[in-house]
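Going by the numbering used here, the sequence shown opens with residue 1, and the numbers climb by one from there.
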Amino acid sequence: MMLRLRDALAFSPFIGASAGAVRTCRRTCRAALIAAAAVFLGSTALAAASSGGHDPVAVILVRWAPLLLWGFLFNLLISVLSMAAGTAAGVPLGILQLSPVRPLARVAGLVTQFFRNAPWLVLLFMCVLLLPFEFHVFGVRVPFPDWIKAVIGFALPAMANVAEIVRGAVQSVPTGQWESSESLGYTRRQAMVHIILPQCIKRMLPPWMNLYSLIIMSSVNASVVGVNEMLTLTAQVHAAEGSRPELLAPLYSFALVCFFLYAYPIGKWTERLERKFQVKD
């Protein structure tokens, strides 16, 4: 009944990718590039038509591209850290919802539903405005920057959604697996760790990736609390170039293209994993 290493590796979508999967990924990336390029070139051409005596739009974009891409990488950092923290807290929270101790399960369910249904922007403002900007530890001042507060603000809804993903995946495992583990003398914790959770990986991976895509898209909300991510830097670049109205479309289209090129392949890959890992019990 114990899963062997070979069986555990079989759960990973990164191992043994077929040639068809590679071709699908290439077609997806090609379609994403074409769509993103169409949006970007259209907005750039529109701005170039009204540039007047100022620098061409292409020159402005090349000039500020390193700064804007740095902001985009900061968005990715926030999303990755938020998803990692939310996953680390959400997995045990989801398991606690299935605890045989009723009060513990109810408290876990209440926490999950509260953060799952609370507006993400409200949670973000609460973390940024209520958490202190610095801590004093043994007389040493330790700063607590806004971007870390933003990570916490995004990690809370991620935690709740991961908890629901884990709860649903565990409940979808046939009850015969629990009965078999009990007959072999496993405790509930041992059965959960060694038998049930490994079987849940296929079930959890597609919705987990969908949630990560939502976190990426929501990371731009950090701009409203002063975090210097891509949209904040885009607004600053626009102001540095004289707040010319014709620059709005190309600058924000550049941001759109960056997020699109990153998130669209993830979405298509998620669809493929949903088809590949469709569970038939």
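The beta carbon of each residue, even a glycine, is placed where N, CA and C say it ideally should be.
Over the uninterrupted beta strand (DSSP E) stretch that includes Val137, give me the two end residues.
Within the sequence shown, numbered from 1, the residue matching residue 137 stands at position 137. Unbroken beta strand (DSSP E) run through Val137: 134-137.
Close-in-space but distant-in-sequence residues of the same chain around Trp147 (CB under 6 angstroms, 5 per side omitted)
Here residue 147 refers to the residue found at position 147 of the sequence shown. Exclusion of the five residues before and after Trp147 leaves Val227 as the residues of its chain whose Cβ lies within less than 6 angstroms of its Cβ.
For the candidate residues Cys200, Leu156, Gly139, Ser82, whose alpha-carbon lies nearest to that of Tyr212?
The sequence position of residue 212 within the sequence shown is 212, counting from 1. Of the candidates Cys200, Leu156, Gly139, Ser82, the one whose C-alpha sits nearest the C-alpha of Tyr212 is Ser82.
Reference Leu121; option with closest CA among Ala150, Arg63, Pro245, Ala169
Within the sequence shown, the letter at position 121 stands for residue 121. Of the candidates Ala150, Arg63, Pro245, Ala169, the one whose C-alpha sits nearest the C-alpha of Leu121 is Ala150.
Exposed or buried, which one is Met159 when buried takes at least 16 other CB atoms within 10 Å?
For the purposes of this step, residue 159 is taken as residue 159 along the sequence shown, with counting starting at 1. Buried, because 16 or more other Cβ atoms sit within 10 Å of the Cβ of Met159.
With a cut-off of 8 angstroms on the beta carbons, I'd call Met217 and Phe259 a contact; round off their distance for me.
Translated into the one-based positions of the sequence shown, residue 217 becomes position 217. Translated into the one-based positions of the sequence shown, residue 259 becomes position 259. In this structure Met217 touches Phe259 by the C-beta definition: roughly 7 angstroms separates them, less than 8 angstroms.
Rounded Cβ spacing between Glu229 and Ala222 (contact assumed at less than 8 angstroms):
As a working note, residue 229 is residue 229 in the sequence shown. As a working note, residue 222 is residue 222 in the sequence shown. Rounded to the nearest angstrom, the Cβ distance from Glu229 to Ala222 is 5 angstroms, consistent with a contact under 8 angstroms.
Kindly identify the DSSP beta-bridge partner or partners of Pro103.
On the sequence shown, position 103 is the one that residue 103 refers to. Beta-bridge pairing links Pro103 to no other residue.
Per DSSP, what kind of secondary structure is Val227 in: helix, strand or coil?
Looking up residue 227 in the sequence shown gives position 227. Coil at Val227, not helix or strand.
Please return the same chain residues whose Cβ sits closer than 6 angstroms to the Cβ of Ile85, not counting the five positions on each side in sequence.
Counting from 1 along the sequence shown, the entry for residue 85 is found at position 85. Checking the sequence shown, residue 85 turns out to be Ala, not Ile. Residues Ala155 of the same chain have their beta carbon placed closer than 6 angstroms to that of Ala85, with the five preceding and five following residues left out of the count.
In three-state terms, what does DSSP make of Ala49?
On the sequence shown, residue 49 is found 49 positions in, with the first residue counted as 1. In this prediction, Ala49 has a pLDDT of 47, which is less than 50 and means its spatial position is unreliable; what the coordinates show is noted afterwards. Helix at Ala49.
Give me the Cβ distance between Val166 and Ile95, rounded to the nearest whole Å; I'm assuming they're in contact under 8 angstroms.
As a first step, residue 166 must be located in the sequence shown, where it is residue number 166. As a first step, residue 95 must be located in the sequence shown, where it is residue number 95. Val166 to Ile95, Cβ: 6 angstroms. Contact.
Consult DSSP for Val122 and reduce its assignment to one of helix, strand or coil.
The count along the sequence shown starts at 1 and reaches residue 122 at position 122. Val122: helix per DSSP, three-state reduction.
In terms of alpha-carbon separation, which member of Asn75, Val128, Leu197 lies closest to Trp178?
Sequence index remark: in the sequence shown, residue 178 carries index 178 (1-based). Put simply, of Asn75, Val128, Leu197 the residue whose alpha carbon is nearest the alpha carbon of Trp178 is Leu197.
Beta strand (DSSP E) runs wholly inside the region 131-173, at least 3 long, in chain order:
You should have 134-137, 140-143.
Is Thr187 helix, strand or coil when you go by DSSP?
The count along the sequence shown starts at 1 and reaches residue 187 at position 187. The DSSP-derived three-state label of Thr187 is coil.
Are three or more beta carbon pairs between the region 184-196 and the region 112-130 nearer than 8 angstroms?
No, they do not touch.
Where do the N-terminal and C-terminal ends of the alpha helix (DSSP H) with Ala263 fall, by residue?
Taking the first residue of the sequence shown as position 1, residue 263 is located at position 263. Looking at the DSSP string, the run of the alpha helix (DSSP H) that includes Ala263 is 248-276.
Which residue's Cα is closest to the Cα of Lys202: Leu73, Met126, Leu273?
Here residue 202 is taken as the residue at index 202 of the sequence shown, counted from 1. For Lys202, the nearest C-alpha among the options comes from Leu273.
May I ask you to report which of helix, strand or coil DSSP gives Leu96?
Start at 1 with the first residue of the sequence shown, and residue 96 comes out as number 96. Secondary structure at Leu96: helix, using DSSP grouped into helix, strand and coil.
For the alpha helix (DSSP H) that contains Ser213, what are its first and last residues?
Locating residue 213 in the sequence shown gives position 213, counting from the first residue. Counting along the chain, the alpha helix (DSSP H) containing Ser213 begins and ends at 197-218.
Whose C-alpha, out of Ser180, Gly139, Ile266, Leu123, is nearest the C-alpha of Pro206?
Stepping through the sequence shown from its first residue, residue 206 is reached at position 206. In terms of CA proximity to Pro206, Ile266 leads the group Ser180, Gly139, Ile266, Leu123.
By DSSP, does Ser243 sit in helix, in strand, or in coil?
As a working mapping, residue 243 is identified with position 243 in the sequence shown. The answer is coil: DSSP assigns Ser243 none of H, G, I, E or B.
Three-state secondary structure (DSSP) at Pro66?
As a working mapping, residue 66 is identified with position 66 in the sequence shown. Helix at Pro66.
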